[in-house]
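Chains L and S, in that order, are what the protein sequence lines are. The working numbering puts the first sequence at residues 246 to 771. The working numbering puts the second sequence at residues 5 to 242. Where is the CB? At the ideal position from N, CA and C, for every residue including glycine. In what follows, a structure is listed as structure tokens, so that the remarks can point back to it.
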Amino acid sequence: MNVRTLIVLCPDWPIIATAASADDAVAVIAANRVTATSPAARAEGVEVGLRRRDAQRRCPGLHIVDPDPDRDARVFASIAALVDRFTPRVELSSPGSLAFPTLGPSRYFGGDEALAKLVAADIDDALGSSGWFDAVGVGVADGPFAATRAAELALREPDHVRVIASGESAKFLAPFSVSVLGRPELADVLHRLGLRRLGDFASLNVDDVVARFGAEGRFLHRLARGLDDHPPSVGPPPRSFDVVSVLDPPAERVDTAAFAARAVADDVHQQLSAEGLACTRLLVVIETDAGERLERIWRHEGALSSTGIVDRVRWQLDGWLNGPSAQRPSGGVSRLLLVPDEVMPARGRQQGFWGGETEADERAGRALARVQGMLGVAAVTVPEQRGGRGPADVVVRAPFIGVDGERNQGRKAVADAPWPGRVPSPLPTLLPVDVMPIDVFDAMGVPVWVSGRGTLSAEPSRVSFDGTSRGGISILGWAGPWPCDERWWDQLTHRRRARLQLSLSDGRALLVQIEQGRWSVEAIYD
Amino acid sequence: MVLPAALSSSPPSLQELAERIRPVVLARQATIAVAEPLERLLPDAGLTRGSTITIGGVGATSLALQLVAAASQSGSWVVVVGLSDLAPAAVLEAELDADRVAFIDPGGSGRQADVLAALIGAVDVIVLDARLYLRPAESRRLASRLRERGSLLVVVSPGTAVNSSFSADVSFTVGDAQWEGLGCGHGHLRSRRVRVGVDGRGRASRTARCEFLLPSTDALIATAEPEGKDGTVVAFSR
């Protein structure tokens, strides 16, 4: 059944939350990719998905901010508080976007259009007071997917409102490109099938879509037809899974209350998973000893994990306890109530029998997430196979996101592809972090170099690490030069170099390279 | 009156009593498996859970990877703390399970003790960079936590002798490296003959010495054929 929904969308929220001015060129960069940009940065050509270096090249004055979902959520609480005036049932999915069903409120405020205009004006005023005009869009349609599209268009409207009449959602969605479904692989396939618009996709027979694309295809097909985005399996929980935690003494600080939330979240999660369910919508109620009460509904597209629940409780606490002083509670937090509001059968977290995810994996995942909390996300990395010639290219360190037994499955084919000129096995074990210069001399003490045709000027005989031709360490064996001219089609990443394998008289073996006339140690066989 | 059978019989002898309160698994039986060529260097043919291992010398990194590879293959997590220069490609080449390896770089945060405390008990094998400084008191506290929780700590010092505040239960020294396969202008590095010395406390206190191909031609580890009397293998009798 479709629920008429109002969506408030601030696409630039990660930027607004940093308290940056609207005229600054600011970008949020996570894992070396731009994830959000300010209007000024967009004007300079900085786009979402660019690499850090490319973004800085296009806009040298770019101010780069690290992603901080906690900060985003904390500041967004003030926007959610504005909407509380219109409805008690505000649903937050991610910072920068909130939704509520319009059925009751629009009758009270005189129709969808009038309600949306009031909401948009309130939020635009609040944002405009800090210099961010035209940063919000409000869309109303049958179901969240169409409403989000409407909100995106509303950003460019003078009154920031776009209302799609009841029953018109499918017609409204038809001209959109299939890429708005957010599934690049599917969009690619549909493009090649000649189905470029949502309307084309929606006109397909459901049975054919299921046969070709499975359950996920059916879900996306429903979206394209303007139907509610809830898979039919989602529904109210079969029994109450509410969990209450009473804090005695009341917690004054966010971290103390969040610590209590952890136990409650685990409890809810365990109860649900014991019945094979996962939570997609969660009501979090926080009460203080002075009798104040804050309720929020959190929605998640997939299933909320136990840490996901804790995060949301923490965001809510943070936004309330550290928010504007007018809304701040006068007492400490005395009671936490978690109510799973909507559940669906859990599929994703099956524990492994042969391989897959085990309890040990879960424990390790938790410990690694904790270390990430201490040192930052980038400090914990995992190996990722990439394929390449040099020892540093074959496997790289990628930030740890979560335990995933199938992470390297798809990459094996690339890594195993033939790479002519790759450094032979066994591979070196150490890659110097800083450039480690080295000099290579022949028997006469003359520096050795590699010609443009890839030949050595003389047989290498000794190396030195201090730049002098006297002394040094003598070479027992050597092989090379192995010339390597990579990515010559791209000016920025083009590298031309030649490698030598050396075994030294002190038992060490090195892989050295010459690039632009200078020798350096590329890797050490330790 | 009829007495229960246990009471009516004669009181148990001390031997029976000892048998009854004997732990089901002795500490030294709770081991983590190692590659077959390394088994005879270790007193229990495996790495005892809760112990601290140090590895130093030229070839220490390769030995450390080979030592923990079998554990990784059998489903244990291996987390490397520090060693920011460790090549991930070599880790996978040593046949560690790519899905159960993680690298942590504490950088200049100085929080390595906190990181280790979070990892002990949560992962089976922790490989620690000997260059990360830990105060002796911290090391002692971590070592006792290690014994209690049963994780294994491998302290690696690439290229040099180990200088760490951890006192080793078993310490390996790699040396006398000789590469094979590389000529003058031809061939490529294929294998390396190294001598590995083992020293330790308690049951491992008897010094053992053994020659290995590390890496061998298949990039793993193999026992080297003894060369003259220098290569005599001294192994533990079990």
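Query raised in the report: Span of the alpha helix (DSSP H) holding S/Trp183?
Result: Where S/Trp183 is concerned, there is no enclosing alpha helix (DSSP H), although the beta strand (DSSP E) it sits in stretches over Val174 to Leu186.
Query raised in the report: Alpha carbon to alpha carbon, what distance is there between S/Phe107 and L/Ala688?
Result: 42 Å
Query raised in the report: Which residues in the same chain as L/Ala325 place their Cβ atom closer than 8 Å to its Cβ, once the five residues preceding and following it in sequence are excluded?
Result: Val335, Leu337, Leu343, Arg541 and Gly564
Query raised in the report: What three-state label does DSSP hand S/Leu138 in the structure shown?
Result: coil
Query - Paired residues, beta bridge with L/Glu629 - DSSP - result: L/Val641
**Report entry** 8 Å Cβ cut-off: residues of chain L touching S/Pro140
**Finding:** Those within 8 Å of S/Pro140 in chain L number zero; the least Cβ separation is about 22 Å.
Requested in this report: For S/Ala223, decide whether its Cβ has a neighbour in chain L, counting only Cβ atoms nearer than 8 Å.
Outcome: yes
Query raised in the report: Checking contacts by CB at 8 Å: is L/Gly717 closer than that to chain S?
Result: no
Query raised in the report: Where does L/Ile554 fall in DSSP's three states?
Result: helix
Query raised in the report: When DSSP labels each residue in this structure, what does L/Trp565 get in the three-state scheme?
Result: helix
Requested in this report: Taking C-beta pairs closer than 8 Å, name the residues in chain L that S/Leu90 reaches, listed in chain order.
Outcome: Thr674, Leu675 and Leu676
**Report entry** chain L within 8 Å of S/Gly54, Cβ atoms only
**Finding:** no
Report task. Given a cut-off of 8 Å, decide if L/Leu756 and S/Arg89 are closer than it, judged by their beta-carbon atoms. Result -> The residue asked about is misnamed: residue 89 of chain S is Asp in this sequence, not Arg. No; because the gap between Cβ atoms is not below 8 Å, this pair is not in contact.
Query raised in the report: Whose Cβ in chain S lies nearer than 7 Å to the Cβ of L/Leu613?
Result: Ala106
Query raised in the report: In chain S, which residues lie less than 7 Å from L/Asp771 when you measure between Cβ atoms?
Result: Val62, Gly63, Ala64, Thr65, Ser66, Pro162 and Gly163
Report task. Count the other C-beta atoms from every protein chain shown that fall within 10 angstroms of the C-beta of S/Ser78, then say buried if there are 16 or more, exposed otherwise. Result -> exposed
**Report entry** L/Phe464: first and last residue of the uninterrupted alpha helix (DSSP H) it sits in
**Finding:** Val451 to Ala469
Query raised in the report: Applying the criterion that 16 or more other CB atoms from any shown protein chain within 10 Å of the CB defines a buried residue, is L/Trp734 buried or exposed?
Result: exposed
Report task. Counting only the same chain and skipping the five closest in sequence on each side, list residues whose C-beta sits under 6 Å from that of S/Val166. Result -> Thr58, Gly60 and Ala134
Query - Any C-beta of chain L under 8 Å from that of S/Arg115 - result: yes
Requested in this report: Could you tell me whether the stretch 395 to 402 of chain L touches the stretch 253 to 264 of chain L, where touching means 3 or more Cβ pairs closer than 8 Å?
Outcome: yes
Query raised in the report: Quick one: Cα of L/Asp511 to Cα of L/Leu583, how far?
Result: 11 Å
Requested in this report: Grab me the residues of L/Ala469's own chain with a C-beta within less than 6 Å of its C-beta, minus the 5 sequence neighbours each way, in chain order.
Outcome: Leu443, Phe446 and Ala447
Query raised in the report: Buried or exposed: S/Val198, going by 16 or more other Cβ atoms within 10 Å of its Cβ?
Result: buried
Requested in this report: Measure from the C-beta of S/Val119 to each C-beta in chain L and report whether the shortest distance is under 8 Å.
Outcome: yes
Query raised in the report: Expressed to the nearest angstrom, what Euclidean distance is found between the alpha-carbon atoms of L/Pro628 and S/Val105?
Result: 7 Å
**Report entry** CB of L/Thr332 within 8 Å of CB of L/Phe345, strictly
**Finding:** yes
**Report entry** C-alpha gap between L/Pro669 and L/Ile718, whole angstroms
**Finding:** 24 Å
Report task. Note down, in chain order, all residues in the stretch 175 to 199 of chain S with a beta-carbon under 8 Å from any beta-carbon belonging to chain L. Result -> Gly179, Asp180, Ala181, Gln182, Trp183, Leu186, Gly187, Cys188, Gly189, His190, Gly191, His192, Leu193, Arg194, Ser195 and Arg196
Query raised in the report: Looking at the structure shown, is L/Ile260 part of a helix, part of a strand, or coil, going by DSSP?
Result: helix
Requested in this report: Check whether the Cβ of L/Arg608 lies closer than 8 Å to any Cβ atom in chain S.
Outcome: yes
Report task. Round the Cβ separation of L/Asp853 and L/Val408 to the nearest angstrom and send it over; I've been treating them as touching at under 8 Å. Result -> Look at the range of chain L in this structure, 246 to 771, and you will see that residue 853 of chain L is not part of it.
Query raised in the report: Is L/Asp684 helix, strand or coil when you go by DSSP?
Result: strand
Report task. Classify S/Gly232 as helix, strand or coil using the three-state DSSP reduction. Result -> Its pLDDT being 46, under 50, S/Gly232 is placed unreliably by the model, and the measurement read from it follows with that caveat. In the structure shown, S/Gly232 sits in coil (DSSP, three-state: anything other than H, G, I, E or B).
Report task. Could you tell me which chain L residues have their CB closer than 7 Å to the CB of S/Pro219, listed as they occur along the chain? Result -> Pro671
Query raised in the report: Looking at C-alpha atoms only, which residue of L/Gln617, L/Phe710 and L/Ser696 is the closest neighbour of S/Ser113?
Result: L/Gln617
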